[in-house]
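Chemist: Questions regarding the structure given below will be posed in turn.
Numbering (this note's numbering), first residue to last: 113 to 241.
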């Protein structure tokens, strides 16, 4: 199973087109309830944190990160990407079986892209994928 840092990197890779600098991301050890704190910090030291359950499935952890890390980017950099190609709408994460994809929240089923592959596979999948 990939490490939490590897899963964070998949999401950050998809968001990196919007910001020239990359945030610092740290993962704390499990707390008393077993959760791991993920802290996303900009160059100034301002940070946004959230917790994940490392006992959850890979897809569940990646899905949680795909929701939380873009929120951190909004707080730190005033951007919330990735966007749906050809629009200004931010994509939203969705679990499809054991895969997490970005998709168009307004026109579900018209566009999707696996998390970690935004910008690498053209514009993603269109139509009934």
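Even for Gly, the Cβ is constructed at its ideal location relative to N, Cα and C.
Taking DSSP's pairing of strands, which residues face residue 206 in a bridge?
Modeler: 213
Chemist: Does the stretch 181-192 come close enough to the stretch 120-127 to have 3 or more Cβ pairs within less than 8 Å?
Modeler: yes
Chemist: For residue 221 and residue 206, I'd like the C-alpha separation in whole angstroms.
Modeler: 11 Å
Chemist: Using only the alpha-carbon positions, how far apart do residue 163 and residue 147 sit?
Modeler: For residue 163 and residue 147, the distance between alpha carbons rounds to 6 Å.
Chemist: Let me check one thing: in DSSP terms, what residues is residue 138 bridge-paired to?
Modeler: 151
Chemist: By the DSSP assignment, the alpha helix (DSSP H) with residue 186 in it spans what residues?
Modeler: 170-189
Chemist: Rounded to whole angstroms, what's the CA-CA distance from residue 181 to residue 198? Just pull it up for me.
Modeler: 23 Å
Chemist: Classify residue 177: buried if its beta carbon has 16 or more other beta carbons within 10 angstroms, exposed otherwise.
Modeler: buried
Chemist: Could you spell out the range, first to last residue, of the alpha helix (DSSP H) harbouring residue 120?
Modeler: 116-127
Chemist: Can you find the residues in the same chain that come closer than 7 Å, C-beta to C-beta, to residue 227, ignoring five residues on each side of it along the sequence?
Modeler: 122, 123, 126, 174, 178, 205, 212, 213, 214
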